[in-house]
Amino acid sequence: MTKKTIRRIGVLTGGGDCPGLNAVIRAVVKTAVREYQLSVVGFENGFGGLLQNRARDLTERDVIGILPRGGTILGTTNRDNPFHYPVMINGKKVFKDVSDRVVENINIHGIDALVIIGGDGSLSIGKELYEEKGLLVVGVPKTIDNDLSATDQTFGFDTALETATEAIDKLHTTAESHHRIIVLEVMGRYAGWIALESGLAGGADVILIPEIPFSMDNIVKKLRERQEKGKKFSIVVAAEGAKPIGGEMVIQRLVEDSFEPVRLGGIGNVIAYQIEETTSNETRATVLGHLQRGGSPTPFDRILATRYGAGAVNMIMNGKFGEMVCLRTPNIESVPLADAVGEQRLVPVGGDLVRTARQIGISFGD
Ligand code: F6P
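Numbered according to our numbering, the sequence shown spans residues 4 to 369.
Structural data, given as structure tokens:
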């Protein structure tokens, strides 16, 4: 195959946002322009921009000052999958494959290759665009959940972890003053990374993660043990996907048209209620929610995002299409998108983090 000459590249951010997206966009633009003399087009609101042809040129001037900014200057959405796109036919919503429109718009803009910054959902679409439509795609792994299997870490996770840890620190002081039990619910989808690491960093007494189903009896046992030792407050950190042994995750609602068919959330309040009923201790729940997705990225995330952005452009120039940039500490490498999507990176229940937590007395409610 003759190597395609690359002159102009596209970039989009898809799925839920996270701190560091702007840092990736900035690094893509700077590397493309400075190192390879390419021009860059940004598509707005994820795949929606590719379908509805909402695009703008991105120059170095456009990325001035965005390194420390949360969110994404391009906008994003969990919706608008071109292979499963909702259209109204005779007043009825049906789903159609409109991916040819993506190819048309890519051609209209004279784009030779596309950088997709996204999580599992967006990168799966990227894989399909590469395999079925022949688009020259490279992926960049983003998500606060840190649940992509093919990279040591996704950018965004470190910032979410810092936010969650700070929340635990703050909850500690009020829990202690009022002699209360406080349950903090954090995000993470089906993976317990944010709960586990923030719980460790913040000194939680109980950590509940989807990978280790819990029983209420065991949680209460741990809380009573603390009381018997004269400790008048406790902190429980619950991942939104935590579930009881033999039970299900708490689902807020089902979501049509989204990369994410279910919206998790609510376990924190359920547990807090049950704890108060069983122990008669005043108990409160805090749901940290989208605070974990906002704010300025940590230095770690800024650096990782910058390395990923530059790495993605290097991959394009080296013909590594259909692949995702990844961290194999200490190096930036790449893996086929086919190996990067589909398989989640869950907390290993026999791993060192869980073992260490148990050794210092943290209960997982199991
Ligand atoms: O995947 C990132 C994430 O923040 C999850 O932790 C959470 O379950 C979900 O997205 C929330 O999505 P939304 O922004 O659609 O509520």
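No residue lacks a Cβ here, since even glycine has one placed at the ideal position from N, Cα and C.
Assign residue i to buried or exposed, taking buried as 16 or more other Cβ atoms, counted over all protein chains shown, within 10 Å of its Cβ.
i	result
residue 323	buried
residue 160	buried
residue 347	exposed
residue 256	exposed
residue 130	buried
residue 64	exposed
residue 365	buried
residue 1	The requested residue 1 does not occur in the structure, where the chain is confined to residues 4 to 369.
residue 103	exposed
residue 355	exposed
residue 278	buried
residue 276	exposed
residue 100	exposed
residue 233	exposed
residue 60	exposed
residue 259	exposed
residue 135	exposed
residue 358	exposed
How about residue i: is its Cβ closer than 7 Å to a heavy atom in the ligand F6P?
i	result
residue 148	yes
residue 267	yes
residue 104	no
residue 296	yes
residue 368	no
residue 243	yes
residue 192	yes
residue 214	no
residue 81	yes
residue 188	no
residue 322	no
residue 259	no
residue 19	yes
residue 131	no
residue 169	no
residue 251	no
residue 68	no
residue 122	yes
residue 263	yes
Between which two residues does the beta strand (DSSP E) harbouring residue i extend?
i	result
residue 116	116-121
residue 255	254-257
residue 46	42-46
residue 218	First-last for residue 218: undefined, no H or E at that position.
residue 260	Element bounds for residue 260: n/a, residue is neither H nor E.
residue 178	Run containing residue 178: none in the beta strand (DSSP E); it sits in the alpha helix (DSSP H), 160-181.
residue 237	237-242
residue 211	209-211
residue 326	326-331
Could you check whether residue j and residue i sit closer than 8 Å to each other, using their CB atoms as the reference points?
i	j	result
residue 199	residue 350	yes
residue 183	residue 282	no
residue 326	residue 307	no
residue 309	residue 30	yes
residue 267	residue 368	no
residue 117	residue 83	no
residue 185	residue 238	yes
residue 121	residue 145	yes
residue 58	residue 36	no
residue 133	residue 316	no
residue 148	residue 192	yes
residue 236	residue 179	yes
residue 19	residue 81	yes
residue 166	residue 74	no
residue 229	residue 208	yes
residue 163	residue 362	no
residue 243	residue 189	yes
residue 62	residue 329	no
residue 72	residue 41	no
residue 187	residue 171	yes
residue 79	residue 108	no
residue 204	residue 168	yes
Residue range of the alpha helix (DSSP H) that residue i falls in?
i	result
residue 84	No alpha helix (DSSP H) contains residue 84, which DSSP labels as neither H nor E.
residue 99	Element bounds for residue 99: not the alpha helix (DSSP H) but the beta strand (DSSP E), 95-99.
residue 302	302-320
residue 149	Run containing residue 149: none; DSSP gives neither H nor E here.
residue 355	355-362
residue 77	Premise fails: residue 77 is in no alpha helix (DSSP H) and is neither H nor E.
residue 29	24-33
residue 110	102-111
residue 342	340-343
residue 53	50-55
residue 282	270-282
residue 200	196-205
If you measure from the CB of residue i, is any heavy atom of the ligand SAM nearer than 7 Å?
i	result
residue 39	Ligands displayed in this structure: the ligand F6P; the ligand SAM is not among them.
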